[in-house]
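Undergrad: Numbered per the working numbering, the sequence shown spans residues 210 to 325.
Positions of the beta carbon are idealized from the N, C-alpha and C atoms, including for glycine.
Source: prediction; values computed, not measured.
Would you mind keeping the following structure in view while I ask a few things?
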Amino acid sequence: MNYLRETGYKLFQHVPKQFARENGLSNRKCTILIRDEQRSWEFSLYSCGRSTFIGGGWHEFCAANLLKEGYRVMFEILAKAEKPILKFYDLRANASLRTERKNPDSDANRYSTQGL
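Here it is as structure tokens:
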């Protein structure tokens with residue numbers, strides 16, 4: 210799975226180069242679909258030079274999902290088709306989707322119950 214983790218409350222969303230390249234989003238101008246829990250949203254995908262952006266409704270998407278600049282969200286690629294489909298995750302609401310930070314002071318060890 211590949212994820213995009215950034216958000217900005219503006220007219221467009223920058224797509225990190227590596228994410229765009231790995232998912233066939235670089236150097237494209239197309240329509241993409243983003244799904245959240247309530248509905249699907251249609252956006253335009255733009256490339257300019259080496260940069261890729263999600264636009265055409267991004268501001269409305271942020272307003273509808275109460276997103277503000279600096280909030281962390283995640284997008285998962287569901288389909289790399291002519292019209293790419295991404296799934297939206299709001300990381301404010303679901304701690305299980307957040308990346309785990311390792312505590313260097315922790316005495317806990319990992320173990321497996323496999324084979325018991």
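Do VAL224 and ILE286 count as a contact pair if the criterion is CB distance below 8 Å?
TA: no
Undergrad: Look up GLU285 in the DSSP assignment and say whether it is helix, strand or coil.
TA: strand
Undergrad: Leaving out five residues before and five after ARG237 in sequence, what residues of the same chain have Cβ atoms less than 8 Å from its Cβ?
TA: LEU254, SER256 and THR261
Undergrad: Are the beta-carbon atoms belonging to LYS277 and LEU242 less than 8 Å from one another?
TA: no
Undergrad: Taking 6 Å as the limit between beta carbons, can you name the residues of its chain near ILE294, skipping five residues before and five after?
TA: Closer than 6 Å at Cβ, skipping near neighbours: LEU242, LEU287 and ALA288.
Undergrad: Which whole runs of the beta strand (DSSP E) in the segment 241-293 are 3 residues long or more, in chain order?
TA: 249-257, 260-264 and 282-288
Undergrad: Assign ALA304 to buried or exposed, taking buried as 16 or more other Cβ atoms, counted over all protein chains shown, within 10 Å of its Cβ.
TA: Confidence at ALA304 is low in this model, with a pLDDT of 48, below 50, so the placement of that residue is unreliable and no value is reported for it.
Undergrad: Locate the alpha helix (DSSP H) running through PHE221, then write down its first and last residues.
TA: Looking at the DSSP string, PHE221 is not in any alpha helix (DSSP H), and its letter there is neither H nor E.
Undergrad: Starting from the C-beta of ARG244, find all residues in its chain whose C-beta is less than 8 Å away, skip the five residues before and the five after it, and write them out in chain order.
TA: TRP250, LEU287, ILE294, LEU295, LYS296 and PHE297
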